[in-house]
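Data first, discussion second: the structure below is written as structure tokens.
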Amino acid sequence: MQVSVRRLALYPLGVARSGQINAALLNPRARLWSPSTRTLFSETGVWEKDYKTETRRRVEEWWHPRIMAQWRKDEPKTKFYVLSMFPYPSGRLHMGHVRVYTISDTIGHFQRMRGHQVLNPMGWDAFGLPAENAAIERGLDPEEWTKSNIQSMREQLDSLGLCFNWDREVTTCLPDYYRWTQYLFIKLFEAGLAYQKEAVVNWDPVDQTVLADEQVDENGRSWRSGALVEQKLLTQWFIKTTNYAKPLLDALEDLPEWYGVKAMQGNWIGECTGCYFDFKLKVDGEDTGETLSAYSSSPETVFGAAYLAILPSHRLLHGSSSVRSALEKVFQPGRGEHLRTDPSLHNMLNITSGRRERSVMCVSMFCFFIHCVTCSCSTGIPDCSVEDLSVAKALNLRWTTVLKSAEDGTQTLINSEEFSGLTREQAFDSITQKAREQKIGGHLTSSKLRDWLISRQRYWGTPIPVVHCGSCGPVAVPEEQLPVTLPKLPSLKGKGASPLEAAHDWVNCKCPRCKGPARRETDTMDTFVDSAWYYFRYTDPHNPDRPFERRLADHWLPVDVYIGGKEHAVMHLYYARFLCHFCKDQGLVAHREPFWKLLVQGLIKGQTFKQADSGQYLKREEIDFSGTHKEPVVRGGGRIEVTWEKMSKSKHNGLDPQEVVQQYGVDTVRLYILYAAPPEQDILWNVKTDALPGVLRWQSRLWQLVTKLRGARQLGDVPSPSLLKKKELAETKKIWENKNYAIQEVTSHFTEDFLFNAAISRLMGLTNTLSSATVRVVQHSVEFEEALAAMVMMTAPMAPHLASELWAGCPLLQRGGDVLQQFWPTVDPEYLKVPDLVELSVLINNKACGTVNVPQQVSKDPERVQQFIVESPFGQKLLGERSIKRAILSPRTALINFLIDE
């Protein structure tokens, strides 16, 4: 089948797609090479025949500034927002950085070639403990340390050829950024969602600061320092994220799958079937001024509450508060002993609470029963729970019956004020709604979710914009007085109270409300507050009047693809989603969810060597690899454990990205990272594996294909399809089909599943097809030329320097601008008219036996593919009556492997 060049979907920049044809495509003579054609070697007019190390170096040096310059030119088009999680400025990039930013850069180039206006910004998560600790160790100002690290890392990112929108750079430690973090905090404070209370909190004894529950692992250790966390009673600032638990949980249903992160978020939030109510605490009929927020799994029956249950860690049982003294006075000793000696009740309590000594305090009309409940304070309602009923009876408590059952099993409320007569379902909605209106709770949440603790007793963070006045209480700093900037301190200490306490001139101030003496809040915010909204600021990074213009945020959001580590599944992603929901309710943005697709990338792991007896990590030079032993051993003797672990200096298995790039080149490292594994899987960095040699060979083969076409055209031959014989025409048809199939598959991988390794495999397959083309097909077919052009364009997002030179080096591919300025190739319309067939490679016991064309609609179904092949003449010949033990259909490549009995 011969295909007219007029139908090929390749268009120069600025030419409309609707029917306009490039004149160069219609006039073969216009495509003849001339020495004036611009290439890397235009000074000499010589094209290197082979892609050598020196050639690669010169290609990347030449194209690096030109590609960066192209990225800065943009036009109003349909938006595409690709965002990679911004780094902490440690001063040095690691291979994990290279991986995540290679992925975002690849997607960015691809979407620009598809005609989108791409936002691919970069910034710095610049506050936090590491900089402060480094400053303490070195006697430096953390601001100076951070800024020098940012400069170093920005230079490293530039050296990798990564095309970010640097004009939108944000740095969270600069006042023009954290001014708006403070602004959003005040909005939360005014909405009743930011509050301060005394609480028993997680204290990191190493980093000397409080941690949120999310920052303590299942073994009770700090997420950063690894220290065993201690419990302390402190007054802290919280954000009431529990008020948004149900909307956050429900919104997950409308998002595409997030590599398991949606399930992790759902599990973290829990089933939102109940809510909290605020109870005023009275002792002997007198109001204590204390409010207890207690969870109820059946809020519609709250009028039947008999007691509240609190944990031993509850703040009321710690410190020297007047409430605790009152509780001790009314404590009735015999009650707790009765619970411990009642066998039936004891068994029941073992199920619900398990492992702690129990005691009971009877206070006014409510009883505080201390045990291991799932939340710090919960409501005991005998009408709804056998356990609650047993406790109430054991304590001889009185309660009000609030449920009446009809013969049909329907339950209605009684003794519940205006809610009496409603069904439980009706009362559930009515009571929770009224509680929300009266601001005493009622927001649906789970029993295990906690509010977000944001106070940190450290210096290097966003100051909390609140002053404490003896007359007015906590007062928000007026917006016109923002930002509240960090004071300069002569020195930082790693122990004791918040370092800001030492800044007396800064701490002592006037109350914004009554103008009396007041003190500034000396806790700073958790850095996760800064990163909960940075994706907004990128849309309007230089706005001096507000955090962002709604029009711009609405234009860019939601983020189309968000790329980062899975370790942020229940912290950063949860906080960012919460703040976006809040901003939507405040009328600041139109979108409730900030991110559409999430792409999580795995780790890059290095080989580690540990002494078997001590567990000490060893450097490679301390190991004997001579081969005299079956396995590597310690020099001088000793057995070694060999594992793969996350790269780290302390484990002596890290790699300096700049050294790797210097050795192999930017494009090779990019291709290796994309080809070695799907993004969500870990990469075991080993240059001896097939991945690195494979991408090196593929780059050389691409270069040779351009060399091959240049050689054919420099002979003076003009493509004359009429000279091709029947066999050669069949060859051109195969090239045409493989080109279209590659475009279809690669485009799908770039837009749907982000399997860049599968995309590269498909391009390698097309390379094989073109490499096997006969000389006459190269000379006289348009199909070879167009397939090569499409392949270079599809390679460009992943290896932009090499592809740019291949495009420039082959005059036949000169189509109005460099390769990254071309429109992404599309499938030829005639190909779409042909029944969709997938060429499937068939293996029998891991040995290649040939290929079979399988209908597209069948190609992903293992059973149907097996049946189709077995029933085909090909299958009958090779498989016949042989017993098939198993047929393995590859999910990533067009391949099926039949395992049969020999």
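The C-terminal residue of the sequence shown carries number 1957 in our numbering, and the numbering is unbroken.
Here a beta-carbon is modelled for each residue, glycine too, at the ideal position from N, C-alpha and C.
Keep in mind it's a predicted model, so treat the numbers as computed, not measured.
*State the DSSP-derived secondary structure class of H1636, mapped to helix, strand or coil.*
In the three-state scheme derived from DSSP, where H, G and I count as helix and E and B as strand, H1636 is classed as helix.
*Can you give me the Cβ contacts of S1460 inside the same chain, cut-off strictly under 7 Å, excluding the 5 residues immediately before and after it?*
Annotation for S1460: Q1466 place their beta carbon closer than 7 Å to its own, counting only its chain and skipping 5 residues before and after.
_Given a cut-off of 8 Å on the beta-carbon distance, is the pair V1614 and Y1136 in contact?_
Contact: yes.
_Beta-carbon gap between G1435 and A1361 smaller than 8 Å_ = At the C-beta level, G1435 and A1361 come within 8 Å of one another.
*Which two residues bound the contiguous beta strand (DSSP E) that contains F1929?*
No beta strand (DSSP E) contains F1929, which is instead part of the alpha helix (DSSP H) from 1928 to 1933.
*Contacting residues, own chain, Cβ-Cβ under 8 Å from Q1488 (five flanking each side not counted)*: Within the same chain, Q1488 has close Cβ partners G1497.
_Please state whether the Cβ-Cβ distance between V1909 and L1892 is less than 8 Å._
Yes, the Cβ-Cβ distance between V1909 and L1892 is below 8 Å.
*Name the two residues that bound the continuous beta strand (DSSP E) containing S1546.*
Per DSSP, S1546 belongs to no beta strand (DSSP E) and is neither H nor E.
_Nearest-angstrom Cα separation, counted from Y1331 out to V1428_ = Reliability fails at V1428, whose pLDDT of 46 lies under 50, so the model's placement of it is uncertain and the value that follows must be treated cautiously. In a straight line, the C-alpha of V1428 is about 14 Å away from that of Y1331.
_Neighbourhood of K1674 by C-beta, 7 Å cutoff - its chain only, sequence neighbours within 5 removed_ = Excluding sequence positions up to five before and after K1674, its CB lies within less than 7 Å of the CB of H1707, all in the same chain and listed in chain order.
*Taking just the CA atoms, how far does D1956 sit from K1940?*
Each residue's Cα considered, the two are about 7 Å apart.
*So, is G1692 buried or exposed, given that buried needs 16 or more other C-beta atoms within 10 angstroms?*
Around the C-beta of G1692, fewer than 16 other C-beta atoms lie within 10 Å, and the residue is accordingly described as exposed.
*Evaluate A1785 with the Cβ neighbour count: other Cβ atoms within 10 Å of its Cβ, from every protein chain shown; 16 or more gives buried, anything less gives exposed.*
By the 10 Å Cβ count, A1785 comes out exposed.
*Taking the alpha carbon of H1646 as the point to measure from, which residue in P1928, L1310, V1256 has its own alpha carbon closest?*
Of the candidates P1928, L1310, V1256, the one whose C-alpha sits nearest the C-alpha of H1646 is L1310.
*Assign K1780 to one of two classes, buried (16 or more other C-beta atoms within 10 Å of its C-beta) or exposed (fewer than that).*
Sixteen is the threshold: since fewer than 16 other Cβ atoms of the shown chains lie within 10 Å of the Cβ of K1780, the residue is exposed.
*Name the one or two DSSP bridge partners that S1351 has.*
Within the DSSP bridge table, the entry for S1351 names C1330 as partners.
_Cβ-Cβ distance between C1439 and S1353 below 8 Å_ = Contact flag set, yes.
*For W1454, does the three-state DSSP call read helix, strand or coil?*
DSSP, reduced to helix, strand and coil, places W1454 outside both helices and strands of the structure shown, so it counts as coil.
*CB G1163 to CB V1173, shorter than 8 Å?*
Judged by their CB atoms, G1163 and V1173 are nearer to each other than the 8 Å cut-off.
*From which residue to which residue does the beta strand (DSSP E) around G1864 run?*
Residue range 1855 to 1864 is occupied by the alpha helix (DSSP H) that includes G1864, with no beta strand (DSSP E) assigned at that position.
_Check this for me: beta carbons of I1294 and P1520, under 8 Å apart or not?_
With respect to P1520, I1294 sits apart: the two C-beta atoms are not nearer than 8 Å.
_Beta-bridge pairing of E1253 - partner residues as DSSP gives them_ = T1290.
*How would you write the range of the beta strand (DSSP E) that F1953 sits in, first residue to last?*
Unbroken beta strand (DSSP E) run through F1953: 1950 to 1955.
*Got a sec, what are the start and stop residues for the beta strand (DSSP E) G1620 sits in?*
Judged by DSSP secondary structure, G1620 falls within the beta strand (DSSP E) whose first and last residues are 1614 to 1620.
*Determine the burial state of K1132: buried for a count of at least 16 other Cβ atoms within 10 Å of its Cβ, exposed for fewer.*
Counting every other CB atom within 10 Å of its CB across the protein chains shown gives K1132 a total below 16, marking it as exposed.
_Rounding to the nearest angstrom, what Cα-Cα distance links R1768 and P1712 in this structure?_
Roughly 40 Å separates the two Cα atoms.
*Does DSSP put I1939 in a helix, a strand or coil?*
In this structure, I1939 counts as strand in the three-state DSSP scheme.
*Between K1789 and F1805, what straight-line distance do the alpha-carbon atoms span, to the nearest angstrom?*
If I take the Cα positions, the gap works out to 24 Å.
*Where does T1577 fall in DSSP's three states?*
If DSSP states are grouped into helix, strand and coil, T1577 belongs with coil.
*Using three-state DSSP, classify W1102 as helix, strand or coil.*
Residue state, collapsed to three classes: coil.
_Of the residues E1576, L1547, Q1799, S1914, the one placed nearest A1189, counting alpha carbons only_ = Looking only at E1576, L1547, Q1799, S1914, the smallest Cα-Cα distance to A1189 is reached by L1547.
*Going along the chain, which unbroken runs of the beta strand (DSSP E) with 3 or more residues stay wholly within the segment 1498 to 1544?*
Entirely contained in the segment 1498 to 1544, the beta strand (DSSP E) runs reaching 3 residues are, in chain order, 1521 to 1524, 1528 to 1531.
*Please check the pair E1841 and K1794, which I expect to be a contact at CB under 8 Å, by giving their CB distance rounded to whole angstroms.*
The beta-carbon separation of E1841 and K1794, rounded to 7 Å, stays under the 8 Å limit for a contact.
_For E1345, the three-state DSSP class (helix, strand or coil)_ = Three-state DSSP puts E1345 in a strand.
_Sequence-distant residues of the same chain with beta carbon closer than 6 Å to L1477, five excluded per side_ = The answer, listed in chain order, is L1468.
*What's the gap between the Cα of K1543 and the Cα of R1223?*
Roughly 28 Å separates the two Cα atoms.
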